[in-house]
Amino acid sequence: MTVSELLVELATLDSDPVVVEPDEIVELDRRWKKIEAGTPTVPNERVVRWLRTWGTPGFRPWRAQ
């Protein structure tokens, strides 16, 4: 894929309407309420370390962390 093709694809994705099912909204609301209530979240540094493994032999799915 060329840079031009990638840009066209990204522009197309941005213009397409997003369909979100009601049950997905309910789940997101539930998770956000837990965060607002003080449930601990994953520190940004840990997420960054994991993201840097993408495309490398050291990559593991998040749940395998």
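If you read the sequence shown in my numbering, its first letter stands for residue 23, the second for the next number, and so on.
All residues carry an ideal CB built from backbone N, CA and C; glycine is no exception.
Could you check the C-alpha separation between residue i and residue j for me, to the nearest Å?
i          : j          : result
residue 27 : residue 76 : 22 Å
residue 81 : residue 37 : 32 Å
residue 42 : residue 52 : 15 Å
residue 85 : residue 70 : 15 Å
residue 63 : residue 39 : 30 Å
residue 45 : residue 23 : 35 Å
If we call anything under 9 Å between Cβ atoms a contact, is residue i one with residue j?
i          : j          : result
residue 68 : residue 87 : yes
Is the Cβ of residue i closer than 9 Å to any Cβ of chain D?
i          : result
residue 64 : Looking for chain D here will not work: only one protein chain is present.
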